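Protein chains: 2
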Amino acid sequence: MAREMVRQGGRSARIQSEVHRTVQDLLKTMDRSAITVPMIAEKSGVTPSTIYRRWGDLSELLADVAVARMRPIADPEDTGAMESDLEAFILQYAEEMSSKVGRAMLADVLGTMEGAAAGKCCQFTYQHLETLRERALARGEAGFDVGESIDFVVAPIVYHILFGDRELTPDYCRSLVSRFF
Amino acid sequence: MAREMVRQGGRSARIQSEVHRTVQDLLKTMDRSAITVPMIAEKSGVTPSTIYRRWGDLSELLADVAVARMRPIADPEDTGAMESDLEAFILQYAEEMSSKVGRAMLADVLGTMEGAAAGKCCQFTYQHLETLRERALARGEAGFDVGESIDFVVAPIVYHILFGDRELTPDYCRSLVSRFF
DNA sequence: ACCTTAATGCAATTTCTTAGCGTTAGGCGC
DNA sequence: GCGCCTAACGCTAAGAAATTGCATTAAGGT
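For the record, the sequence lines run as chains C and R.
For what it's worth, this note's numbering labels the leading residue of the first sequence as 1, then goes sequentially.
For what it's worth, this note's numbering labels the leading residue of the second sequence as 1001, then goes sequentially.
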């Protein structure tokens, strides 16, 4: 579910954004395990059956909301040099994702194998890295392999966030970046 | 929930293993999203309330089962040399985890932040790697840093499994290992 | 402006979850 | 071994959530 809307204007869109907003509000206020569909329905002024029909179940709705929140609004900061660009991006990425809401979003996105939630969300970081790479090339720098940067830098960060087996200090993140180059 | 049992013999243990077995059976037969607590209860001859009391909810039960399945039964194979040891271990790890049930287990384990499911399961791979390291040292080889091996080899594999953004070929896994050394 | 139909609302039904209470059976001291 | 204590279970009823059919609303195209 969580289908692409066939009708993307008017009431349908209004309900989608209303539901999304309500979910985000609730995520701030309470624990995710306490959130229910009827609860979201009431707070957003929509009947539960509408939510079930459009999103299938709670986990898919949460995944949908998480993906929407992860969707980038701006390109990563331009610091003037490739390595510092990547470092800045990674530090921000690590901070966002390791926060309480960030981990919740990751869990929501990975929690449902249905839909392309995980795929979409990993595309976002891929695109950002691609932007950094092109920017580097435009400057005349050597550039870097985006796939390898994911293996060397992004993957370890995500791993440690998910399994909670290591503190994600800025120093550690920086060491990942410098190890990559 | 999914607490360590206070009483670990007799009926309680029998029920636990019966429920676990039933869950594993169901996972083979049907999609995870179709499995319900009452369903497990009936097939295992246990009342639903018992399951809810012991495990809290379905996701925690699934996580518990997944951790139990991931718990290693034997040390990794001894191939005679450190690099081939690690390669063999990683190839098996990648194959197990990228399978349908493997991905489901990962999702289950990561799906619940309650309990230490994720922590336990990442400890298993840590211990295996530590075994390989000690084995290497006993042979007089240089050994390797377990944490770094996770960053360089395990993390990329897990990342690509979870986000489904890349085919996990044996060649790719081998390249991760050789890149690490 | 009208027509078609996707999408929603409502309500009844089914299914799942929770909680109280009595019963069973480990584990422990004797 | 024998009996006590209580963790853990089964049963049942109440409560909450999920599903489904049918009527209604409102996009989007003609």
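Quick reminder that beta carbons are idealized off the backbone N, C-alpha and C, glycines included.
Just so it is clear, the structure is predicted and the values come from calculations on it, not from any experiment.
(request) Return the CA-CA distance between P1048 (chain R) and L129 (chain C), expressed in angstroms with no decimal places. (result) 48 Å
(request) Within its chain, find whatever has a CB closer than 7 Å to the CB of L1137 (chain R); leave out the 5 residues flanking it on each side and keep chain order. (result) G1143
(request) Could you run through the stretch 120-143 of chain C and flag, in chain order, every residue whose CB is less than 7 Å away from some CB of chain R? (result) C122
(request) Kindly confirm or deny that the stretch 1140-1155 of chain R and the stretch 146-157 of chain C touch, where touching means at least three C-beta pairs closer than 8 Å. (result) yes
(request) Taking only beta-carbon positions, decide if V177 (chain C) is within less than 9 Å of chain R. (result) no
(request) Can you grab the Cα-Cα spacing for the pair A1118 (chain R) / E1134 (chain R), in whole Å? (result) 24 Å
(request) Pick out whichever of C:R32, C:C173, C:F89 has its Cα sitting closest to the Cα of V65 (chain C). (result) C:R32
(message) Going by DSSP in three states, R71 (chain C) sits in which element: helix, strand or coil?
(response) coil
(request) Please compile the residues from chain C whose C-beta is within a distance smaller than 9 Å of the C-beta of M1113 (chain R). (result) R32, S33, R103, A104, A107, G164
(message) Check this for me: beta carbons of D25 (chain C) and S59 (chain C), under 9 Å apart or not?
(response) no
(message) Suppose you measure from the CA of V37 (chain C) to the CA of W55 (chain C); what does that come to, to the nearest Å?
(response) 10 Å
(message) Rounding to the nearest angstrom, what Cα-Cα distance links E114 (chain C) and R1139 (chain R) in this structure?
(response) 47 Å
(request) Compute the distance between the beta-carbons of V1067 (chain R) and K1028 (chain R), then report whether it is under 9 Å. (result) no
(message) Between V64 (chain C) and chain R, is any beta-carbon pair separated by less than 9 Å?
(response) Looking at the sequence provided, one finds Asp at residue 64 (chain C) rather than Val. Output row for D64 (chain C): interface = no.
(request) Determine the direct distance from the alpha carbon of V1101 (chain R) to that of G80 (chain C), and round the result to whole angstroms. (result) 46 Å
(request) Taking only beta-carbon positions, decide if H1020 (chain R) is within less than 9 Å of chain C. (result) no
(message) Looking at chain R, is there any beta carbon in it that lies within less than 9 Å of the beta carbon of D57 (chain C)?
(response) yes
(message) Check for me: the alpha helix (DSSP H) holding T36 (chain C) runs from which residue to which?
(response) Counting along the chain, T36 (chain C) falls outside any alpha helix (DSSP H), and DSSP gives it neither H nor E.
(message) Quick check: what's the CA-CA separation for A1094 (chain R) versus A1074 (chain R)?
(response) 17 Å
(message) Need the endpoints of the alpha helix (DSSP H) that M82 (chain C) sits in, please.
(response) 82-98
(request) Consider the Cβ of P72 (chain C): report whether some Cβ of chain R lies at a distance smaller than 9 Å. (result) no
(message) Please report the distance separating the alpha-carbon of L1086 (chain R) from that of I51 (chain C).
(response) 48 Å
(message) For A2 (chain C), count the other beta carbons within 10 Å of its own beta carbon; 16 or more makes it buried, fewer makes it exposed. Which is it?
(response) Since pLDDT at A2 (chain C) reaches only 43, below the 50 mark, its modelled position is unreliable, and the value read off the structure follows with that caveat. Buried, since its Cβ has 16 or more Cβ neighbours within 10 Å.
(request) Note down the Cα distance separating M1030 (chain R) from L110 (chain C), rounded to an integer number of angstroms. (result) 20 Å
(message) Taking 7 Å as the limit between beta carbons, can you name the residues of its chain near D1078 (chain R), skipping five residues before and five after?
(response) D1085, R1135
(request) Under 9 Å between beta-carbons, which chain C residues line up against V1158 (chain R)? List them in chain order, please. (result) A155, V158, Y159, L162, F163
(message) Does any residue of chain C have a CB that is nearer than 9 Å to the CB of L1110 (chain R)?
(response) yes
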